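Engineer: Residue numbers (the working numbering): -7 to 430. Ideal Cβ placement from N, Cα and C applies to all residues, glycine included. Because the structure is a prediction, the values reported are computed rather than measured.
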Ligand code: PLP
């Protein structure tokens, strides 16, 4: 039975519960019929340039033919297999490929399904690592404003982001220290970094031999407003965590796979965490998949002769072969000279266009790391419901641009396949809308 677009929309409105959406007031969802490259095609004939890479997952454009082919080929061979007692070629190869690009002895890949579960795995691994060493460590330290996902442990680590007030009673306590967000020309940067390090010192001193791990979104705190810190701070943070004998978890769910201009933020900063969480761009945006990668020493602490030391955690679709096949092809594409050229070109366009907005009275804190550009819009309110954000989103949708401000923070995080002309068109519209509001 073929359904009309109106009938499909009616089915959606009646039966589907959309994320981060107040169904009581939301406009009907846009019905996407297909997508190619950076463009999403809607049922009403409109086209949208995807400047948020569909929640930061899409690296090489929608329906990338090479990834689509790899997934189709894999589906014809092995679509899924239980991942205890069994393994398969895409999982082994993808683990190897990811480890090859990570620094130091980050050699052990634990697969799960999305960014949140990658973080849950890291938090649980850290806890059990210490237990297997005969220590009880239950203090975790996170950064103010950090967002690590929507499952209970990830919400606990991200409790200060402001997203999780409604679930306070469900969360375990996590200490926080300030995130040293800095902007171009910020003269207070050293002070901010020192304040964060001092706050860490206090927490380490108050919890001797009790801090299981420190978790951070390196270089860019995403959901709290694309707040950026310096690579230098990450080096100081790593040294502080080492001095105090704890573990460092990097949540690179968003920053991984080229977003910062380097393959990983940890590579850009020249640090080696104990655990790293990767997802989003891992499959190029095709399928939900994530990895938590551990250093050799972490894995070794779980070895023994019985299950008591083992990591008793897993998910039904752990290491799904389709996701792993997509991941392998996505990394091939990412490593190509053409993709590396695009990443550099996107950064250069972002920089020039941000510079062009600096004089506007309603623009502050223009900032850039790799392919992620952001700015604060002044005036009109910061609220997610009634502030300037929803108005901007509507103005851009009207112009065929998918941009989703975080409160009053406007950011562009496009797929790497975006052409110069498409990106310039997006910035032209940003320029026009911001000038009309100034
Ligand atoms: N960690 C970071 C840094 C994120 O940005 C996100 C999602 O935006 C997550 C974790 C959670 O990932 P997911 O939505 O795939 O569960």
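Consider the C-beta atom of residue 266 and the heavy atoms of ligand 1; say whether any pair is separated by less than 7 Å.
Structural biologist: Here residue 266 refers to the residue found at position 274 when the chain shown is read from its first residue. For ligand 1, not one heavy atom lies less than 7 Å from the Cβ of residue 266.
Engineer: Would DSSP call residue 220 helix, strand or coil?
Structural biologist: By 1-based counting over the chain shown, the position of residue 220 is 228. Reduced to three states, the DSSP call for residue 220 is strand.
Engineer: What do you reckon, is the C-beta of residue 140 under 7 Å from a heavy atom of ligand 1?
Structural biologist: The residue labelled residue 140 in the question sits at position 148 within the chain shown. Yes, ligand 1 has a heavy atom inside 7 Å of this Cβ.
Engineer: Starting from the Cα of residue 243, find the closest Cα among 135, 12, 87 and 349 and give me that residue.
Structural biologist: By 1-based counting over the chain shown, the position of residue 243 is 251. Selected option, being the one with the closest Cα: 135.
Engineer: Who are residue 258's beta bridge partners in DSSP?
Structural biologist: Your numbering for residue 258 matches position 266 in the chain shown. Residue 258 pairs with nothing; no bridge assigned.
Engineer: Would you decide whether residue 11 is buried or exposed? Buried here means 16 or more other CB atoms lie within 10 Å of its CB.
Structural biologist: Taking the chain shown and counting its residues from 1, the one referred to as residue 11 is at position 19. The residue in question, residue 11, is exposed, as its Cβ has fewer than 16 Cβ neighbours within 10 Å.
Engineer: With distances taken Cα to Cα, identify the nearest neighbour of residue 401 among 430, 357 and 233.
Structural biologist: Numbered from 1 along the chain shown, position 409 holds the residue referred to as residue 401. It is 357 whose Cα lies nearest to the Cα of residue 401.
Engineer: Quick one: what's residue 103 bridged to in DSSP?
Structural biologist: Within the chain shown, residue 103 is the residue found at index 111, counting from 1. Residue 103 pairs with 283.
Engineer: Helix or strand or just coil, what does DSSP make of residue 468?
Structural biologist: Lying before the first or after the last residue shown, residue 468 is absent from the chain, which here runs from -7 to 430.
Engineer: Could you tell me if residue 245 is buried or exposed, where buried requires 16 or more neighbouring beta carbons within 10 angstroms of its beta carbon?
Structural biologist: Stepping through the chain shown from its first residue, residue 245 is reached at position 253. Buried, by the Cβ-count rule.
Engineer: Closer than 7 Å: is that where the CB of residue 328 sits relative to any heavy atom of ligand 1?
Structural biologist: Walking along the chain shown from the start, residue 328 turns up at place 336. Not under cutoff, so the answer is no.
Engineer: I'd like to check one pair, residue 407 with residue 51: are the Cβ atoms closer than 8 Å?
Structural biologist: Here the question's residue 51 lines up with position 59 in the chain shown. Here the question's residue 407 lines up with position 415 in the chain shown. Cβ atoms of residue 51 and residue 407: closer than 8 Å.
Engineer: For residue 106, is the beta carbon positioned less than 7 Å from some heavy atom of ligand 1?
Structural biologist: What you label residue 106 is simply residue 114 of the chain shown in a count that begins at 1. Flag set: Cβ of residue 106 near ligand 1.
Engineer: Checking 8 Å against the spacing of the C-beta atoms, do residue 124 and residue 391 come in under that value?
Structural biologist: Taking the chain shown and counting its residues from 1, one reaches residue 124 at position 132. Taking the chain shown and counting its residues from 1, one reaches residue 391 at position 399. Going by C-beta atoms, residue 124 is not nearer than 8 Å to residue 391.
Engineer: With hydrogens ignored, establish whether the beta-carbon of residue 214 is closer than 7 Å to any heavy atom of ligand 1.
Structural biologist: Against the chain shown, residue 214 aligns to sequence position 222. Checking the Cβ of residue 214 against ligand 1 gives yes.
Engineer: Just confirm the distance between the C-beta atoms of residue 204 and residue 169, as a whole number of angstroms; I'd bet it's less than 8 Å.
Structural biologist: Working through the chain shown from its first residue, we reach residue 204 at position 212. Working through the chain shown from its first residue, we reach residue 169 at position 177. Their Cβ separation, rounded to whole angstroms, is 15 Å, which puts residue 204 and residue 169 out of contact at 8 Å.
Engineer: Applying the 10 Å Cβ sphere with the 16-neighbour rule, what's the burial state of residue 41?
Structural biologist: Residue 41 sits at position 49 when you count from the first residue of the chain shown. Residue 41 is buried by the Cβ-count criterion.
Engineer: For residue 4 and residue 21, which I take to be in contact (beta-carbon distance under 8 Å), what is that distance rounded to the nearest angstrom?
Structural biologist: Reading the chain shown from its first residue, position 12 is the one you call residue 4. Reading the chain shown from its first residue, position 29 is the one you call residue 21. Right, the Cβ-Cβ distance comes to about 6 Å (below 8 Å), so this counts as a contact.
Engineer: If residue 212 and residue 361 are in contact, beta carbons under 8 Å, what's the gap, nearest whole angstrom?
Structural biologist: Position 220 of the chain shown, counting from 1, holds the residue named residue 212. Position 369 of the chain shown, counting from 1, holds the residue named residue 361. With a Cβ gap of about 5 Å, residue 212 and residue 361 count as contacting.
Engineer: Would you kindly work out how many angstroms separate the C-alpha atoms of residue 299 and residue 404, rounded to a whole number?
Structural biologist: Taking the chain shown and counting its residues from 1, the one referred to as residue 299 is at position 307. Taking the chain shown and counting its residues from 1, the one referred to as residue 404 is at position 412. When rounded, the distance between both Cα atoms is 47 Å.
Engineer: Who are the Cβ neighbours of residue 119 in its own chain at under 6 Å, not counting the five residues just before and after it?
Structural biologist: Taking the first residue of the chain shown as position 1, residue 119 is located at position 127. For residue 119, where only same-chain residues beyond five positions count, the Cβ hits under 6 Å are 204.
Engineer: Between 90, 33 and 39, which has its C-alpha nearest residue 316's C-alpha?
Structural biologist: By 1-based counting over the chain shown, the position of residue 316 is 324. Minimum Cα distance to residue 316 is reached at 90.
Engineer: Which residues bound the beta strand (DSSP E) around residue 242?
Structural biologist: Locating residue 242 in the chain shown gives position 250, counting from the first residue. Residues 239 to 243.
Engineer: Enumerate, from N- to C-terminal direction, the unbroken alpha helix (DSSP H) stretches of 4 or more residues contained entirely within the region 96 to 175.
Structural biologist: As far as the region 96 to 175 is concerned, its whole alpha helix (DSSP H) runs of at least 4 residues are 107 to 124 and 144 to 149.
Engineer: Are residue 320 and residue 82 close, meaning C-beta to C-beta below 8 Å?
Structural biologist: Looking up residue 320 in the chain shown gives position 328. Looking up residue 82 in the chain shown gives position 90. A contact, by the Cβ cut-off of 8 Å.
Engineer: Evaluate contact between the region 283 to 291 and the region 131 to 150, counting only Cβ atoms and requiring at least three cross-stretch pairs below 8 Å.
Structural biologist: No, the region 283 to 291 does not touch the region 131 to 150.
Engineer: Where does the unbroken beta strand (DSSP E) through residue 34 begin, and where does it stop?
Structural biologist: Position 42 of the chain shown holds residue 34. First-last of the beta strand (DSSP E) with residue 34: 31 to 34.
Engineer: If you draw a straight line from the C-alpha of residue 154 to the C-alpha of residue 231, how long is it?
Structural biologist: Your numbering for residue 154 matches position 162 in the chain shown. Your numbering for residue 231 matches position 239 in the chain shown. Each residue's alpha carbon lies about 29 Å from the other.
Engineer: Between residue 349 and the rest of its own chain, which residues show a CB-CB distance below 7 Å, the 5 nearest in sequence each way excluded?
Structural biologist: Along the chain shown, read from residue 1 onward, the residue named residue 349 stands at position 357. Answer for residue 349: 355, 358, 367, 423 and 426, listed in chain order.
Engineer: Between the alpha carbons of residue 180 and residue -3, how many angstroms are there, rounded?
Structural biologist: One-based indexing of the chain shown puts residue 180 at position 188. One-based indexing of the chain shown puts residue -3 at position 5. Answer to the nearest angstrom: the Cα atoms are 54 Å apart.
Engineer: Would you list the residues sitting across from residue 477 in a DSSP beta bridge?
Structural biologist: Because the chain is modelled from -7 through 430, residue 477 falls outside the range shown and cannot be assessed.
Engineer: Tell me the rounded alpha-carbon separation between residue 339 and residue 304.
Structural biologist: Translated into positions along the chain shown, residue 339 becomes position 347. Translated into positions along the chain shown, residue 304 becomes position 312. Rounded to the nearest angstrom, the two C-alpha atoms are 42 Å apart.
Engineer: What is the DSSP secondary structure of residue 42, counted as helix, strand or coil?
Structural biologist: Looking up residue 42 in the chain shown gives position 50. In this structure, residue 42 counts as strand in the three-state DSSP scheme.
Engineer: Kindly indicate the opening and closing residues of the beta strand (DSSP E) around residue 355.
Structural biologist: Along the chain shown, read from residue 1 onward, the residue named residue 355 stands at position 363. Here the beta strand (DSSP E) through residue 355 covers 355 to 361.
Engineer: Rounded to a whole number of angstroms, what is the C-alpha to C-alpha distance between residue 94 and residue 15?
Structural biologist: If you number the chain shown from 1, residue 94 lands on position 102. If you number the chain shown from 1, residue 15 lands on position 23. Cα to Cα, the separation comes out at about 42 Å.
Engineer: Any contact of the region 49 to 67 with the region 26 to 33, i.e. 3+ C-beta pairs under 8 Å?
Structural biologist: Because the criterion of three Cβ pairs below 8 Å is met, the region 49 to 67 and the region 26 to 33 touch.
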